[in-house]
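Scroll down for the structure; my scribbles are underneath it.
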Amino acid sequence: MKNRRSGVYHQRSLAECWLRASAQFPVLLLTGPRQVGKTTLLEHLRENGRHYVTLDDRALRALARDDPDLLLQRFPPPVLIDEVQYAPELFPSIKRYVDRRHEPGAFWLTGSQQFHMMKDITETLAGRVAVINLLGFSRREKDRRPHDLEPFLPTRELIGERSESGGSTSLRSVYHEIWSGSFPAYRVGKIDEWDLFYRSYVQTYLERDVRDLVQVGNMESFRRFLRASAARTGGMLNYSDLSRDAGVSVNTARQWMSVLVASFQVFLLQPYYTNVTKRLSKTPKLYFLDTGLCAYLTEWSSPETLEAGPMSAAMLETYVFTEILKGWWHRMREATFYYYRNKDGREIDLLISRDGKLFPLEVKKSTRVDRGTRRLLSPLRKLKQDVGPGAVVCLYPRVLPIDQEIISVPVGIL
Numbered sequence: 001m002k003n004r005r006s007g008v009y010h011q012r013s014l015a016e017c018w019l020r021a022s023a024q025f026p027v028l029l030l031t032g033p034r035q036v037g038k039t040t041l042l043e044h045l046r047e048n049g050r051h052y053v054t055l056d057d058r059a060l061r062a063l064a065r066d067d068p069d070l071l072l073q074r075f076p077p078p079v080l081i082d083e084v085q086y087a088p089e090l091f092p093s094i095k096r097y098v099d100r101r102h103e104p105g106a107f108w109l110t111g112s113q114q115f116h117m118m119k120d121i122t123e124t125l126a127g128r129v130a131v132i133n134l135l136g137f138s139r140r141e142k143d144r145r146p147h148d149l150e151p152f153l154p155t156r157e158l159i160g161e162r163s164e165s166g167g168s169t170s171l172r173s174v175y176h177e178i179w180s181g182s183f184p185a186y187r188v189g190k191i192d193e194w195d196l197f198y199r200s201y202v203q204t205y206l207e208r209d210v211r212d213l214v215q216v217g218n219m220e221s222f223r224r225f226l227r228a229s230a231a232r233t234g235g236m237l238n239y240s241d242l243s244r245d246a247g248v249s250v251n252t253a254r255q256w257m258s259v260l261v262a263s264f265q266v267f268l269l270q271p272y273y274t275n276v277t278k279r280l281s282k283t284p285k286l287y288f289l290d291t292g293l294c295a296y297l298t299e300w301s302s303p304e305t306l307e308a309g310p311m312s313a314a315m316l317e318t319y320v321f322t323e324i325l326k327g328w329w330h331r332m333r334e335a336t337f338y339y340y341r342n343k344d345g346r347e348i349d350l351l352i353s354r355d356g357k358l359f360p361l362e363v364k365k366s367t368r369v370d371r372g373t374r375r376l377l378s379p380l381r382k383l384k385q386d387v388g389p390g391a392v393v394c395l396y397p398r399v400l401p402i403d404q405e406i407i408s409v410p411v412g413i414l
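Numbering of the sequence shown is given in our numbering, commencing with residue 1 and proceeding in unit increments.
Structure, rendered in structure tokens:
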């Protein structure tokens, strides 16, 4: 993303990974929320001779739907096609081209919704397409600190690498990051007014995606639903409670939540269970994928009021989760994320499952780590799973071993 205030390009950690994938796959699809810099990234990376087509252009969209082969003749590969979800009719034409030519990197595609687009593209282009996710700036990307690092795991080696280029862990700086959010257009773009940016985002982009995916008769009801959902970030999602607060039916709440997932506004973190133990909870935890949007929807007018308010701990947990998720997605690496809650109510905020091993994490809004955190691993030992080292992510400014298996990690090094 180019900083329009300073003219400096903000490098994305996905860039190098994207080019490697382009040398292997004939079709690459970059997905993610609107306004996180998908097009800007690919415009920056595209070589001379790669055509650019945006299906936000109604004339080109109509051509792509009515005569996709003609569109590809007019804009032959290599080509970048933006907002491809508007013309799934293109996918069979892309498949025929790929099967004839076998050219790596022929098609770069972007899309902002997962529903029908993902079903169409995975069925039509199975084995030919790499699907890659992009979210807003990580803090490292925004600060232009080293971000070509291995994704976060709470091992001493990886934490040591990150601590060499960590950012501030002060209460003020962390909550400024949380409140400001990660959209490039606000963080480094032309828009300086926080309220103006997020109000416009909700009206122009999010509500537009809703209309594309489902029929919403009363947009004010959907706005109430958005606010009620944002108030639950970092917590377990009870659809009955959510529907009551939003003033809609449970089925409507479920349908609208699927829209937020499909448009990359929220992530539903599933509980961990094993085949040898019954599932203790079917209830997911909800995380908004941009904390600035969440703060706007819950009407916190400044970082200071957010930090002092009742949502401060949940917003810190949301921020930590999204920073870790970006570290994996933006390096095109795969891990599975869960939370854990046993029958006694003992909860572990985040489990990262990697290579058959579970890595537990807790998030604390504190500069002091309680000795009780030594019990972090104990619920998992009863499951007889392979458990790696754990971490407590907190506001203490330095890495601090708690014992042989648990380490205190400053939130600024994520």
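Note that CB positions come from ideal geometry on N, CA and C, so glycine has one too.
Judged by DSSP in its simplified three-state form, Y273 adopts coil rather than helix or strand. In the pairwise beta carbon analysis, the stretch 126 to 134 is classified as not touching the stretch 315 to 324: fewer than three pairs are separated by under 8 angstroms. Cβ atoms of T110 and L42 come within 8 angstroms of each other, at about 7 angstroms. Counting only residues of its own chain and dropping the five nearest sequence neighbours on each side, I413 has a CB closer than 6 angstroms to the CB of R162, S163, G166.
Separation of the CB atoms of L28 and A130 is rounded to 5 angstroms, and the pair is thereby assigned contact status at 8 angstroms.
Note that the C-beta distance between T298 and R224 is not below 9 angstroms. Closest in C-alpha terms to E362, from the list R20, I324, W329, R333, comes I324. Relative to E83, the option among D209, I178, E47, Y239 whose CA is nearest is D209.
In the DSSP assignment, R341 is bridged to E347. Counting only runs of 3+ residues, the beta strand (DSSP E) found wholly inside the stretch 51 to 77 occupies 51 to 54, in chain order. For G49, there is no enclosing alpha helix (DSSP H), as DSSP marks it with neither H nor E.
Looking at A230, E220, N251, the one whose alpha-carbon comes closest to that of S240 is N251.
A contact is defined here as three or more CB-CB pairs under 8 angstroms, and the stretch 66 to 83 fails this definition with respect to the stretch 144 to 160. The count of Cβ pairs closer than 8 angstroms, one atom from the stretch 319 to 339 and one from the stretch 263 to 271, reaches three, so the stretches are in contact.
Between L306 and Y198, the C-beta spacing is not below 9 angstroms.
The C-beta distance from L153 to R354 rounds to 6 angstroms, short enough to fall under 8 angstroms.
The three-state secondary structure of Y396, taken from DSSP, is coil.
Counted as a single uninterrupted DSSP element, the stretch harbouring E83 is not any beta strand (DSSP E), since DSSP gives it neither H nor E. Per DSSP, Y319 is one residue of the alpha helix (DSSP H) stretching across 312 to 329.
In this model, R140 and G160 are separated by some 16 angstroms (Cα to Cα). In this structure, F359 is the residue among F359, T124, D349, M257 with its C-alpha nearest to the C-alpha of V387.
For E150, no beta strand (DSSP E) run applies, since DSSP gives it neither H nor E. By DSSP's assignment, V129 forms a beta bridge with V27. Note that the stretch 60 to 77 does not touch the stretch 32 to 47; fewer than 3 beta-carbon pairs, one per stretch, sit closer than 8 angstroms.
The Cβ-Cβ distance between L14 and W108 does not fall below 9 angstroms.
W300 and V411 have their C-alpha atoms some 22 angstroms from each other.
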